[in-house]
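Just below is one structure, and these are the notes that go with it.
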Amino acid sequence: MTYNVSVDLDGKVYARNVRRRYRDFVWLRTSLAKLFPAVVIPPLPEKRMLFKNNRFNELRILGLRRFLYNVLSQDFLSKSGPLKAFLSPDNFEDEKKQEEAKIRSRKISDILTEYSSHFKSALEFDLPKEPLEKMLMLKDFLVDSKRQLQALVTSCSAISDNFYHINLQLMKMTKAFEELQKGEDGLIGKVPSEKKLSMLKGFHTLTQAHNDNRGHWSDFLVDAVQSEVYNIQAMEETVQTWMSYNNQLTKASAKMKKYSNERNVKDVAKMEAEMQEEKQLREFVAALTKIMLQHNLRLIWKSQSVKFTTDVNGFIESQKGNATEQMRQIYAVCKAIEDFDAQWVVPRELGIDGPSESKATS
Numbered sequence: 004m005t006y007n008v009s010v011d012l013d014g015k016v017y018a019r020n021v022r023r024r025y026r027d028f029v030w031l032r033t034s035l036a037k038l039f040p041a042v043v044i045p046p047l048p049e050k051r052m053l054f055k056n057n058r059f060n061e062l063r064i065l066g067l068r069r070f071l072y073n074v075l076s077q078d079f080l081s082k083s084g085p086l087k088a089f090l091s092p093d094n095f096e097d098e099k100k101q102e103e104a105k106i107r108s109r110k111i112s113d114i115l116t117e118y119s120s121h122f123k124s125a126l127e128f129d130l131p132k133e134p135l136e137k138m139l140m141l142k143d144f145l146v147d148s149k150r151q152l153q154a155l156v157t158s159c160s161a162i163s164d165n166f167y168h169i170n171l172q173l174m175k176m177t178k179a180f181e182e183l184q185k186g187e188d189g190l191i192g193k194v195p196s197e198k199k200l201s202m203l204k205g206f207h208t209l210t211q212a213h214n215d216n217r218g219h220w221s222d223f224l225v226d227a228v229q230s231e232v233y234n235i236q237a238m239e240e241t242v243q244t245w246m247s248y249n250n251q252l253t254k255a256s257a258k259m260k261k262y263s264n265e266r267n268v269k270d271v272a273k274m275e276a277e278m279q280e281e282k283q284l285r286e287f288v289a290a291l292t293k294i295m296l297q298h299n300l301r302l303i304w305k306s307q308s309v310k311f312t313t314d315v316n317g318f319i320e321s322q323k324g325n326a327t328e329q330m331r332q333i334y335a336v337c338k339a340i341e342d343f344d345a346q347w348v349v350p351r352e353l354g355i356d357g358p359s360e361s362k363a364t365s
């Protein structure tokens, strides 16, 4: 399956009529992560999503568009080679290979040069004391946040599933009442009473309200909370990348300590080269630390989490009026059901005692 990747950003349409497979989106994100190590790359929806009903494609497309929108919204990502190749209508496979070769040839010095331009303000901050301790605290916080969010996803999903079940049963109930009315009309040969018509109309209205699943708050929250889980996972990836480079630095520093304890170094040229590598790696890890704490965290918690809270609050406020109206409809239907027996007329032709027509309809 392929997806239309065109995105409208500030009135400008990107990649009109360009289609890509899901694995092409994965390639783009993976390439961006390699190009900008330890920088948060907008997340993709999972290949196997939570929903398994007919809304799967709708949610997948929404997630892919959200990914592209977030990539295009960040200047340094929007100008990257992998994105240009991805959005190119022609020769995508050839351009992919070219970009992969460029990424493989990059050195730490190349990345540092780019980062000094892209993240100038973040790099102006002082390096915190005990960076490893900070990152371990951040890692624990992300794990705990993700666990809580996943619990929310599970709860909202259960509500959503039950909501679909309620909707299905409402449809069956409406159909059953319609069939009941048809049978009675055929037997008695009379026009249904206003109360019966009101009851049937109430069921139709209630069923229609429940049938609008996309507007139901549980569906909205599942999507919103799951998106926040993806954001946390994207942040976790940057922590893992930082840990990897920090481990390299630890090993390189151990070598330097070993050299300092040696009286006569046999290969001086090798030692000097490794000292230069250790120095550059130390500078790189320091830069990544500042970017992690001053760019990534601000991006996630200000641009993503604050937006998430605002969106959810706004949606719930908009649903208050809808909820009040739906409760009014539910009450009307329940009242109609309560009146059903009182106004039902037993066909006299069957010879069964029952309420008289005048009494029942008075």
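Position in the sequence shown (first residue = 1) + 3 = our numbering. Glycine is no exception: its CB is placed at the ideal position from the N, C-alpha and C atoms. Everything numeric in this text was worked out from a predicted model, so none of it was measured.
Item	Value
Below 8 Å, how does it come out for the region 76–91 and the region 18–38: are there three or more Cβ pairs, yes or no?	yes
Would the beta-carbon of residue 63 fall within 9 Å of that of residue 45?	no
On the premise that residue 26 lies in contact with residue 47, defined as a C-beta separation below 8 Å, what is that separation, rounded to the nearest angstrom?	Between residue 26 and residue 47 the Cβ distance is about 11 Å, and since that is not below 8 Å, they are no contact.
Run through the DSSP bridge pairs and tell me what residue 22 is partnered with.	7
Within this structure, are the beta carbons of residue 258 and residue 231 separated by less than 9 Å?	no
Need the endpoints of the alpha helix (DSSP H) that residue 104 sits in, please.	95–108
Please report the Cβ distance between residue 299 and residue 238, rounded to the nearest whole angstrom; I am assuming they are in contact, meaning their Cβ atoms lie under 8 Å.	6 Å
So, are the CB atoms of residue 226 and residue 65 less than 9 Å apart?	yes
Is it buried or exposed for residue 22, if we count other Cβ within 10 angstroms and need 16 for buried?	exposed
Under a Cβ-count criterion, where at least 16 other Cβ atoms within 10 Å of its own Cβ denotes burial, should residue 344 be classed as buried or exposed?	Residue placement at residue 344 is flagged as unreliable, the pLDDT there being 47, under the threshold of 50; a coordinate-derived value is accordingly withheld.
From residue 79 to residue 121, what does the alpha carbon distance come to, in whole angstroms?	7 Å
Apart from the five residues just before and just after residue 176, which ones in its own chain have a Cβ nearer than 6 Å to its Cβ?	none
Are the beta-carbon atoms of residue 296 and residue 105 separated by less than 9 Å?	no
Measuring CA to CA, which of 275, 95 and 242 is closest to residue 134?	242
In whole angstroms, what separates the C-alpha of residue 216 from that of residue 142?	Residue placement at residue 216 is flagged as unreliable, the pLDDT there being 48, under the threshold of 50; the coordinate-derived value follows with that caveat. In a straight line, the C-alpha of residue 216 is about 36 Å away from that of residue 142.
DSSP three-state label for residue 130, please.	coil
Would a C-beta distance cut-off of 9 Å place residue 115 and residue 272 closer than the cut-off?	no
Taking all protein chains shown into account, do 16 or more other C-beta atoms lie within 10 angstroms of the C-beta of residue 43, making it buried, or fewer, making it exposed?	buried
For residue 228, collect the residues of the same chain with a Cβ closer than 7 Å to its Cβ; drop the 5 residues on either side in sequence, then sort them by chain order.	152, 155, 156 and 159
In this structure, how does DSSP classify residue 39 when only helix, strand and coil are distinguished?	coil
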